[in-house]
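All remarks here apply to the structure that follows.
Residue numbers (the numbering used here): 213 to 410.
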């Protein structure tokens with residue numbers, strides 16, 4: 213357990229243990245930059261990765277890497293793995309705004325809590341063909357995906373007039389989303405609203 217109370221923590225050498233701890237409250241390795249700063253505060257200290265150090269634990273162990281801001285945490289995305297879903301937001305060692313449990317291996321937790329907007333993607337379809345309804349989320353960080361950020365996708369309904377066969381008539385139709393996850397399981401700030409598409 214290595215921490216700064218305030219200010220940056222730079223990791224330039226390997227951090228290795230044979231410890232395999234990965235409980236809900238304890239990790240084999242904990243690196244914490246700016247421990248005195250509260251969750252939701254991007255300032256106070258960032259975890260900086262200098263060069264290409266390795267952080268490793270025993271089999272099944274977890275390394276928890278706590279930091280301040282997304283942009284200020286140099287090298288952390290590359291170390292943990294962009295798009296891996298191993299990032300959490302708006303949290304620290306005392307407060308968690310995420311609901312998806314941390315997993316064995318490297319996990320990064322940011323005090324910063326970015327705000328995201330979920331929207332129904334615009335779609336074009338040939339009359340009579342099925343429409344592949346999708347949603348996307350703006351401002352996701354670290355390569356996170358919609359499916360990683362939210363446990364359940366909304367249902368999408370097509371508004372406007374339909375033909376006798378029940379198909380939307382040729383033209384523009386509003387796509388409205390209902391249901392789905394009202395909060396982000398990774399800890400993003402989300403108002404629970406999904407914007408419409410066409």
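Glycine included, every Cβ here is placed at the ideal spot set by N, Cα and C. Since the structure is predicted, the reported quantities are computational estimates derived from the model, not experimental observations.
With a CB to CB cut of under 8 Å and the five nearest residues on each side skipped, what residues in its chain are close to residue i?
{"i": "residue 375", "result": "381"}
{"i": "residue 371", "result": "385, 386, 387 and 388"}
{"i": "residue 231", "result": "240, 241, 269, 270 and 273"}
For the beta strand (DSSP E) containing residue i, list its first residue and its last residue.
{"i": "residue 370", "result": "367–370"}
{"i": "residue 275", "result": "274–279"}
{"i": "residue 328", "result": "Counting along the chain, residue 328 falls outside any beta strand (DSSP E), and DSSP gives it neither H nor E."}
{"i": "residue 389", "result": "387–390"}
{"i": "residue 320", "result": "317–322"}
{"i": "residue 348", "result": "347–350"}
Once the 5 residues before and after residue i are set aside, which same chain residues still bring their CB inside 7 Å of it?
{"i": "residue 239", "result": "233, 274, 275 and 276"}
{"i": "residue 316", "result": "234, 272, 273 and 274"}
Only counting the same chain, and skipping five residues up and downstream in sequence, which positions put a Cβ closer than 6 Å to that of residue i?
{"i": "residue 406", "result": "330, 366 and 389"}
{"i": "residue 214", "result": "243"}
{"i": "residue 373", "result": "381"}
{"i": "residue 294", "result": "354 and 355"}
{"i": "residue 253", "result": "323"}
Hey, quick one: how far does the alpha helix (DSSP H) through residue i stretch, first residue to last?
{"i": "residue 292", "result": "288–292"}
If we count the other Cβ atoms within 10 Å of its Cβ and call it buried at 16 or more, is residue i buried or exposed?
{"i": "residue 319", "result": "buried"}
{"i": "residue 285", "result": "buried"}
{"i": "residue 304", "result": "buried"}
{"i": "residue 360", "result": "buried"}
{"i": "residue 225", "result": "exposed"}
{"i": "residue 307", "result": "exposed"}
Of all the CB atoms in chain D, is at least one closer than 8 Å to the CB of residue i?
{"i": "residue 367", "result": "Among the protein chains of the structure shown there is no chain D, as only one such chain exists."}
Do the region 304–317 and the region 343–359 touch if we need at least three Cβ pairs shorter than 8 Å?
No, they do not touch.
Length at least 3, wholly inside the region 222–264: the beta strand (DSSP E) runs in chain order
Within the region 222–264, the complete beta strand (DSSP E) runs of at least 3 residues are 241–244 and 259–261.
Do three or more CB pairs link the region 273–290 to the region 245–259 at distances below 8 Å?
A contact exists between the region 273–290 and the region 245–259.
Quick test of the definition: if touching needs 3 or more C-beta pairs under 8 Å, does the region 335–344 touch the region 392–408?
With fewer than three CB-CB distances shorter than 8 Å, the region 335–344 does not count as touching the region 392–408.
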